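Chain order of the listed sequences is A and B. Take the first sequence: its letter number 328 is residue 328 in this note's numbering, and every next letter is one higher. Quick note: to get this note's numbering, add 1000 to the position in the second sequence (first position is 1). Quick reminder that beta carbons are idealized off the backbone N, C-alpha and C, glycines included. No experiment lies behind these values; they were computed from the predicted model shown. Let me begin by presenting the structure, written as structure tokens, before commenting on it.
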Amino acid sequence: MIKTGAQIIVETLIEQGVTDVFSYPGGQVLHIYDALYEYQDKINHVLTAHEQGASHAADGYFRATGKTGVVISTSGPGATNLVTGIATAMLDSVPLIAITGNVPCSLIGKDSFQEIDIVGVTMPITKHNFFVNHIEDLADTIREAFRIARSGRPGPVLIDIPKDVQTAKYEFENCAPKPRIAMRKARDEEIDRAVALIKESKRPYIYLGGGAVGANISTEVQDLAEKIDAAIGCTLMGITAVPTSNPRFLGMQGMHGHYASTIAQDEADLIIALGVRFSDRATGNKARYAKNSKILHIDPDFAEINKNIPADEGIICDLHDAFLRIMEKITPASNPEWVSRVKELKAEELAKLESDEKLFKSQLSPRAAICMINQNKNADTPVVTDVGQHQMWAAQFCEFEKKRTFLSSGGLGTMGFGLGAAIGAQVGTGKRTILVTGDGSFGMNLNEVATAVKYNLPITIVVMNNGVLGMVRQWQTLFFNKHYSNTTLERKTDFVKLAEAFGAAGARATTPEELDAALKAAQGRSGPTIIDCVIDKDEFVLPMLPPGGSVDDIIVTKEELNLE
Amino acid sequence: MSKKFSLAVYVDNHFGVLSRVTGMFTRRGFNIDSLTVGETESPKYSRITITLSGDGYAKEQMLNQLRKLYPVKKLELLETEESVRRELCLIKMKHDPKTRADVMSAVEVFRAKVIDYGVEALSIEVTGEPSKIDAFVSVMKPYGILEMCRTGVVAMSRGSKCIKDKTDISSEIEEEVPVISENDQRDIF
Ligand SMILES: Cc1ncc(C[n+]2csc(CCOP(=O)(O)OP(=O)(O)O)c2C)c(N)n1
Ligand SMILES: [Mg+2]
Chain A
1 MIKTGAQIIV ETLIEQGVTD VFSYPGGQVL HIYDALYEYQ DKINHVLTAH
51 EQGASHAADG YFRATGKTGV VISTSGPGAT NLVTGIATAM LDSVPLIAIT
101 GNVPCSLIGK DSFQEIDIVG VTMPITKHNF FVNHIEDLAD TIREAFRIAR
151 SGRPGPVLID IPKDVQTAKY EFENCAPKPR IAMRKARDEE IDRAVALIKE
201 SKRPYIYLGG GAVGANISTE VQDLAEKIDA AIGCTLMGIT AVPTSNPRFL
251 GMQGMHGHYA STIAQDEADL IIALGVRFSD RATGNKARYA KNSKILHIDP
301 DFAEINKNIP ADEGIICDLH DAFLRIMEKI TPASNPEWVS RVKELKAEEL
351 AKLESDEKLF KSQLSPRAAI CMINQNKNAD TPVVTDVGQH QMWAAQFCEF
401 EKKRTFLSSG GLGTMGFGLG AAIGAQVGTG KRTILVTGDG SFGMNLNEVA
451 TAVKYNLPIT IVVMNNGVLG MVRQWQTLFF NKHYSNTTLE RKTDFVKLAE
501 AFGAAGARAT TPEELDAALK AAQGRSGPTI IDCVIDKDEF VLPMLPPGGS
551 VDDIIVTKEE LNLE
Chain B
1001 MSKKFSLAVY VDNHFGVLSR VTGMFTRRGF NIDSLTVGET ESPKYSRITI
1051 TLSGDGYAKE QMLNQLRKLY PVKKLELLET EESVRRELCL IKMKHDPKTR
1101 ADVMSAVEVF RAKVIDYGVE ALSIEVTGEP SKIDAFVSVM KPYGILEMCR
1151 TGVVAMSRGS KCIKDKTDIS SEIEEEVPVI SENDQRDIF
């Protein structure tokens, strides 16, 4: 059937299984908006307050559901407002389809009104991007964009479509979504070498990254750990790859990782690394990282093996397939010494945590606040964070049963990610969503409260309000002689009144009991609630590997900080 | 150990592909010595020949990062010993009757060619291994080089193997392990 470019765009999105788009209108996407109007019973449009919010929403939509998120914006400023969201998706391997309108082909290159070379701008921060200047290529380009975004190691793809291509007419025929580009399967020899490494190991540590969450290997990983007495740890992105309740799970390792997890990784003789990239935040000083252990690195991205940390055995393959085949060949092996060492580390961690808790100044310690959140959520509640101390506390203390219930900007560390992502997660899952944010981060994109109110989205926003850019302040305390240069906010923003002004509900909590009550009240509402959760400005995220340091320099308790 | 080598990259013949490839090198901090682009035996592809130096790690990273670029369809590592390499250079010289004879004999020895001849200047074309060009340039220097332009290296593997017969990267990934490192002897193709 003959259709306009704009209709073809929306038809193709529907054909690819898209049910929701997050976007913001403008001059160069008016025709797409007209098509969205026409197809409104088939595709739900979420209008955000800012294109950045829309890009994070499309990203959060994927993180929570596994369904590719779509964001649409106009040319020029609309397109550049997507940049942070696209980069956030890129660094966390999130498939995101960004569609931008552009000026008509005849005006391209003339510095026309709102003309920006967004393909050039986003080249380094997309998996791939397209400029479509022929209507004949439009449908297939969009299909290919989805295929690229979803295949192998996922990533964002941007499609820039000039206005005249949106108005041009062309024959359109629906077709089924293309299968993903097949991932390489591990060779038998590789599986054998991996199995041999595992059999040799007396102190195995399974290390899960974001890739492991996507690969659907939760059960297999836990089975393997059971069979070989392995400890399990993860990166920030690997949280929810296995339930936190698994007794062998030690949590996140790295710069602000759990003591037991970081130490166990260091003492292990084999790190079975699945879908990780050994980022500097996770490894600390690379020269001293994993010096006692061999590394078995399995990842679908061939450029990851040996990039940051050399692997003793690197297998580029489909994680799921490789894991099933490894499992077939593994015979149970008990490593009682390792098991008891890991138990000991866990006990040590708990003891340190509890003695340290006494030193916390606030009535409401960060850990107590997160524990309250744990008590007021379900197994399928998405918990979204922003970036800063509150993010690390959530990563450390939140409990998770199901995969894709923890959403956090890991690679880019984007303050302002949270609220948009929470909107995406809520729309995608239909579940009440909890956002743990900081007063600094919330300030970046709090305009999206308007969006949550407009669509009456049940989002509980917990602002861990310490009055400071806490994470930066922590560094200033430790490494800059307490020169608190521009990290004290002194804003006097009243988050309860702010909530009211937006048409949301607001509450303040200064004790665990008040927080509990506020969380329960929020659950009773259909729309968003902002909880101003007051904490002390001088709390620390611990443990900490100081920058450039390694596990030998780990600081676990406040006492060890030697403050004052 | 840093070593010079070349990469032959077959890319989709689309606009923007060159900046995608060069952008990757810049972003990852790899320095390119020379880069040439041109048509191939197939209108579908352009060929980029990149010459650079790096150790085993850099080489592995470059190959792998190149493979990740969507328009990169075929890729071949051309080690100096296993490839033929050529470069062309045009040099405009001051035309001085006092040095003409010396210039001309150098042209002869290097099997270069005079391609423009005027009262004040003459232009020379020289082709060969990059090292031969280097040598010719240094011989010419004292006679007064007015302008010079080098094409950069084009290179091809020796023997009957052809890059066009290699499987496309997208299907190759399924079959072959594209990892090479100092201690890994697996053939990358
Ligand atoms: C967009 C952006 N700008 C700056 C930073 C640097 N940064 C990292 S954490 C942080 C402070 C965050 O403050 P807040 O949101 O209040 O969280 P807190 O650490 O106080 O819990 C800053 C400024 C960043 N990560 N992202
Ligand atoms: Mg703060």
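Query, Result
"Spatial neighbours of K202(A) in its chain, beta-carbon cut-off 7 Å, leaving aside the 5 residues before and after", "D269, N335, W338"
"Contact list for H128(A) against chain B, beta-carbon separation under 7 Å", "Y1070"
"Against chain B: residues of the segment 143-155 of chain A by CB proximity under 7 Å", "I148"
"Extent of the continuous alpha helix (DSSP H) to which F146(A) belongs", "138-150"
"Closer than 7 Å to chain A by CB, N1064(B)", "yes"
"Reference D386(A); option with closest CA among N374(A), V462(A), F400(A)", "V462(A)"
"Three-state class that DSSP yields for V1179(B) in the structure shown", "Any reading at V1179(B) needs caution, since the residue's pLDDT is 33, under 50, leaving its predicted position unreliable; the model's value is listed next. DSSP places V1179(B) in coil when its eight states are reduced to three."
"Contact list for the segment 1009-1031 of chain B against chain A, Cβ threshold 9 Å", "F1015, G1016, S1019, R1020, G1023, M1024, T1026, R1027"
"Residue-chain proximity (V1179(B), chain A), Cβ-Cβ < 7 Å", "Confidence at V1179(B) is low in this model, with a pLDDT of 33, below 50, so the placement of that residue should be treated as unreliable; the coordinate-derived value is given next. Closer than 7 Å: yes."
"Option in E1079(B), R1020(B), S1083(B) with minimal Cα separation from L1069(B)", "R1020(B)"
"Strand pairing of L1035(B), partner residues [DSSP]", "I1050(B)"
"Exposure label - D592(A); buried when at least 16 CB within 10 Å", "Examination of residue 592(A) is not possible in this model, given that chain A is present from 1 through 564 alone."
"Where the beta strand (DSSP E) containing M252(A) begins and where it ends", "249-252"
"Near ligand 1: Q389(A) beta-carbon under 6 Å from a heavy atom", "yes"
"Ligand 1 heavy atom lying under 6 Å from the CB of V574(A)", "Residue numbering for chain A in the displayed model covers 1 to 564; residue 574(A) lies beyond these limits and cannot be assessed."
"Pairwise C-alpha distance: M90(A) and I1048(B)", "26 Å"
"beta-carbon V468(A) near ligand 2 non-hydrogen atom, thresh 6 Å", "yes"
"Interface flag, I1091(B) vs chain A, CB-CB below 7 Å", "no"
"Which listed residue (R1027(B), P1043(B), K1004(B)) has its alpha carbon closest to that of D1012(B)", "P1043(B)"
"Where V119(A) meets chain B, residues with beta-carbon distance less than 8 Å", "G1016"
"Partners in chain A for E1060(B), counting only beta-carbon separations shorter than 8 Å", "N306"
"M415(A) CB to nearest heavy atom of ligand 4 below 6 Å", "Of the ligands one can find in the structure shown, namely ligand 1 and ligand 2, none is ligand 4."
"Inter-residue spacing [alpha-carbon to alpha-carbon] between G314(A) and D301(A)", "11 Å"
"Where V1114(B) falls, given that 16 or more other Cβ within 10 Å makes a residue buried", "exposed"
"Environment of T429(A) [buried if 16+ CB atoms lie within 10 Å]", "buried"
"Backbone CA spacing between I1050(B) and E144(A) [nearest angstrom]", "28 Å"
"Own chain partners of L412(A) with C-beta closer than 7 Å, once the 5 adjacent residues on each side are dropped", "A87, T88, L91"
"Helix, strand or coil at L319(A) [DSSP, three-state]", "helix"
"Cβ-heavy atom distance, D439(A) to ligand 2, below 6 Å", "yes"
"Within chain B, the residues that A303(A) reaches when beta carbons sit closer than 8 Å", "Q1061, N1064, Q1065, R1067, K1068"
"Minimum Cβ-Cβ distance from P177(A) to chain B less than 7 Å", "no"
"Reduced DSSP category for A311(A) - H, G, I as helix; E, B as strand; rest coil", "coil"
"Q375(A), buried or exposed, once every other Cβ within 10 Å from all chains shown has been counted against 16", "exposed"
"Residue from A509(A), T529(A), A333(A), N447(A) with nearest C-alpha to L364(A)", "A509(A)"
"Where T437(A) falls, given that 16 or more other Cβ within 10 Å makes a residue buried", "buried"
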